[in-house]
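Protein chains: 2
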Amino acid sequence: MIHIPFTDRQQQIIDIVRISQPITSEQIAEKLNLTRATLRPDLAILTMSGVLEAKPKVGYYYTGRSNLNVISEYLESVKVSDIKSMPVIVEEGTSVYDAIVTLFLEDVGTIFVTNNSYLVGAVSRKDFLKVAIGGSSDLTKIPVGVIMTRMPNIIYTTDEESIVDAARKIIMHEVDSLPVVEIIKENGREMPRIVGKVSKTNITRFFVQLSNG
Amino acid sequence: MIHIPFTDRQQQIIDIVRISQPITSEQIAEKLNLTRATLRPDLAILTMSGVLEAKPKVGYYYTGRSNLNVISEYLESVKVSDIKSMPVIVEEGTSVYDAIVTLFLEDVGTIFVTNNSYLVGAVSRKDFLKVAIGGSSDLTKIPVGVIMTRMPNIIYTTDEESIVDAARKIIMHEVDSLPVVEIIKENGREMPRIVGKVSKTNITRFFVQLSNG
Numbered sequence: 001m002i003h004i005p006f007t008d009r010q011q012q013i014i015d016i017v018r019i020s021q022p023i024t025s026e027q028i029a030e031k032l033n034l035t036r037a038t039l040r041p042d043l044a045i046l047t048m049s050g051v052l053e054a055k056p057k058v059g060y061y062y063t064g065r066s067n068l069n070v071i072s073e074y075l076e077s078v079k080v081s082d083i084k085s086m087p088v089i090v091e092e093g094t095s096v097y098d099a100i101v102t103l104f105l106e107d108v109g110t111i112f113v114t115n116n117s118y119l120v121g122a123v124s125r126k127d128f129l130k131v132a133i134g135g136s137s138d139l140t141k142i143p144v145g146v147i148m149t150r151m152p153n154i155i156y157t158t159d160e161e162s163i164v165d166a167a168r169k170i171i172m173h174e175v176d177s178l179p180v181v182e183i184i185k186e187n188g189r190e191m192p193r194i195v196g197k198v199s200k201t202n203i204t205r206f207f208v209q210l211s212n213g
Numbered sequence: 001m002i003h004i005p006f007t008d009r010q011q012q013i014i015d016i017v018r019i020s021q022p023i024t025s026e027q028i029a030e031k032l033n034l035t036r037a038t039l040r041p042d043l044a045i046l047t048m049s050g051v052l053e054a055k056p057k058v059g060y061y062y063t064g065r066s067n068l069n070v071i072s073e074y075l076e077s078v079k080v081s082d083i084k085s086m087p088v089i090v091e092e093g094t095s096v097y098d099a100i101v102t103l104f105l106e107d108v109g110t111i112f113v114t115n116n117s118y119l120v121g122a123v124s125r126k127d128f129l130k131v132a133i134g135g136s137s138d139l140t141k142i143p144v145g146v147i148m149t150r151m152p153n154i155i156y157t158t159d160e161e162s163i164v165d166a167a168r169k170i171i172m173h174e175v176d177s178l179p180v181v182e183i184i185k186e187n188g189r190e191m192p193r194i195v196g197k198v199s200k201t202n203i204t205r206f207f208v209q210l211s212n213g
């Protein structure tokens, strides 16, 4: 990709086309009091760049492509597999207390729960805090399976999904973290195997890298 | 800004200049088996875009500007004030229990603590979870001031800072959220007034908007 700041004249041409489209190069030249030959390089650049579209025998149209299009095209090309990190996993029978200890040791916001290596649930700091302030129960006796959010109610992503779509799920469903899963067919059933996670931290870290150019 | 995908020939020219810089247009034309006149529009575009730089009587240089430069320039221009949200605040004397209730009611990850409307501390879900599983103490009796992270140990940002710098602080200091402060001079002392917050959620939401173009 090449990026060229518009010259004043190119900006004038864009404004004219936007207001009067379709418009021929003769008409643009007339409005600017210039010859067609003078305009030719500018029109060539604006057409190549996709800002204007030239229809033979009709004239120029404004397409509305902007700076941000380039950014969003780039972002769509980055996949979950490019930024995912290792999930922290416990088995379904683990006590809430031990899961909280794991949460602190690994310093993560969400613990994923598996059964026979398949993803069955997720527990967040918020879930743990809720049971901890309940206070009445012995956290070493309650299995994490009792308080977790259970499949199929877990929002997940896959290696191939764009990080933009993953970020959109995080915002829409108000979660901190998505498990990255691979769906395995076993005896005709579709079972999710967890292969990573993508959290707001991953997105924020990617955002910082992005801005380092 | 205009954005033009490189043609194959432009890419060839870039590669030649990168390897053999400085190099004159005659020499480039020779390597590509083309006339100088044929190359002229491509060299004009590559120079205007800043990918190549032309030094009179010396030749063309490669500047290394890329797609990502444009993105990072854009990101640097977005300020904390553009994406900040309302902070959730309690007074220093509030009990830990009431602060946790506020955390759940407002559904936030961090509570900020003020004294006489100045920022004095911050408490995260992690801090609350730590005291809650301690279990021995009555959370309705402990003031939040006892467990909070206290100024000057709180990493903060300001309205004028770029969101990139704010995101960098979040990642470097491993926090979920930064208070946005205004420094007020009072009796010769600099006092922080809290005017917002920027969290990983704000960054992730901005990231989603960015990709919508």
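Residue numbers (UniProt numbering), protein chains in the order written: chain C, 1 to 213; chain W, 1 to 213.
Even for Gly, the Cβ is constructed at its ideal location relative to N, Cα and C.
Which class does C/V181 belong to by DSSP, given the choice of helix, strand or coil?
Correct three-state label for C/V181: strand.
Can you tell me whether W/P192 is helix, strand or coil according to DSSP?
Annotated three-state conformation of W/P192 is strand, per DSSP.
Going by Cα to Cα distance, which pick from W/L34, W/V144, W/I45 is closest to C/T7?
It is W/I45.
Within chain C, partners of W/R168 - CB distance below 7 angstroms
In chain order: V208.
Please go through the same chain and pick out, in chain order, the residues whose beta-carbon is closer than 8 angstroms to the beta-carbon of C/E10, but skip the five residues on each side of it.
Position check: residue 10 of chain C holds Gln in this sequence, whereas Glu was assumed. Here the set comprises D42, I45, L46.
Please tell me whether W/I147 has its Cβ less than 7 angstroms away from any Cβ of chain C.
Chain C places no beta carbon closer than 7 angstroms to that of W/I147, leaving this residue out of the contacts.
Which residues mark the beginning and the end of the alpha helix (DSSP H) in which C/N116 is found?
From DSSP, C/N116 is part of no alpha helix (DSSP H); its letter is neither H nor E.
Segment limits, beta strand (DSSP E) that includes W/G59:
Segment 59-62, the beta strand (DSSP E) holding W/G59.
Less than 7 angstroms separating the beta-carbons of W/I111 and W/V131?
It is not a contact, given that the beta carbons lie outside the stated cut-off.
Our contact map puts C/V101 next to C/V113 with C-beta atoms below 8 angstroms; I'd like the distance itself, whole angstroms only.
At roughly 15 angstroms, the Cβ-Cβ gap does not stay under 8 angstroms, so C/V101 and C/V113 are not in contact.
Buried or exposed for C/V189, please, with buried defined as at least 16 other CB atoms from any protein chain shown within 10 angstroms of its CB.
The displayed chain sequence assigns Arg, not Val, to residue 189 of chain C. Around the beta carbon of C/R189, a 10 Å sphere encloses fewer than 16 other beta carbons of the protein chains shown; the residue is thus reported as exposed.
Quick one: grab the DSSP three-state call for C/L34.
C/L34 falls in the coil class under three-state DSSP.
Where the alpha helix (DSSP H) through C/K200 begins and ends:
Run containing C/K200: 200-211, per the alpha helix (DSSP H) assignment.
I'd like to know whether the C-beta atoms of C/G145 and C/E92 end up nearer to each other than 7 angstroms.
Contact: yes.
Quick one: does C/S72 have its CB under 7 angstroms from some CB of chain W?
Against chain W, the CB of C/S72 has a partner CB under 7 angstroms away; the residue lies at that interface.
Chain-order list of residues whose beta-carbon lies under 7 angstroms from that of W/P56 (same chain, five-residue window excluded)
Excluding positions up to five away in sequence, the list is empty.
Indicate whether C/T157 and C/S95 have their beta-carbon atoms separated by less than 7 angstroms.
Contact flag unset, no.
Return helix, strand or coil for W/P143, following the three-state DSSP convention.
In the structure shown, W/P143 sits in a strand (DSSP, three-state: E or B).
Confirm, please, whether the CB-CB distance from W/L52 to W/V17 is below 7 angstroms.
Yes, these two residues count as a Cβ contact at 7 angstroms.
Counted within 10 angstroms of its Cβ, other Cβ atoms place C/K185 as buried (16 or more) or exposed:
The Cβ neighbour count for C/K185, taken over all protein chains shown within 10 Å, is under 16; the residue is labelled exposed.
In or out: C/S117 buried (at least 16 other Cβ within 10 Å) or exposed?
The residue in question, C/S117, is exposed, as its Cβ has fewer than 16 Cβ neighbours within 10 Å.
Please determine, among C/P143, C/V208, C/L178, C/Q209, the residue with the shortest C-alpha to C-alpha distance to C/S85.
Looking at the Cα atoms, C/L178 is the closest of the given residues.
For the UniProt domain "CBS" (148-213) of chain W, which residues have a beta carbon sitting closer than 7 angstroms to at least one beta carbon of chain C?
Listed by position, the residues of the UniProt domain "CBS" (148-213) of chain W near chain C (Cβ gap below 7 angstroms) are V164, A167, R168, I170, I171, K200, T201, I203, T204, R205, F207, V208, L210, S211, N212, G213.
C-beta contact flag for W/I203 and C/T201 at 7 angstroms:
For W/I203 and C/T201, no; Cβs fall outside 7 angstroms.
Beta-carbon separation of C/M194 and C/L103 under 7 angstroms?
Residue 194 of chain C is actually Ile in this sequence, not Met. For C/I194 and C/L103, no; Cβs fall outside 7 angstroms.
When you compare the CB positions of C/S20 and C/R36, do they come within less than 7 angstroms of one another, or not?
Result no, Cβ atoms of C/S20 and C/R36 do not sit closer than 7 angstroms.
Check whether the Cβ of W/I100 lies closer than 7 angstroms to any Cβ atom in chain B.
No chain B is present in this structure, whose protein chains are C and W.
Enumerate in chain order the residues of its own chain whose CB-to-CB distance from C/E174 is below 7 angstroms, with the five nearest sequence positions on each side excluded.
There are no such residues.
What does W/A122 reach in chain C if we use C-beta pairs closer than 7 angstroms?
In chain order: nothing, as chain C lies at least about 15 angstroms away.
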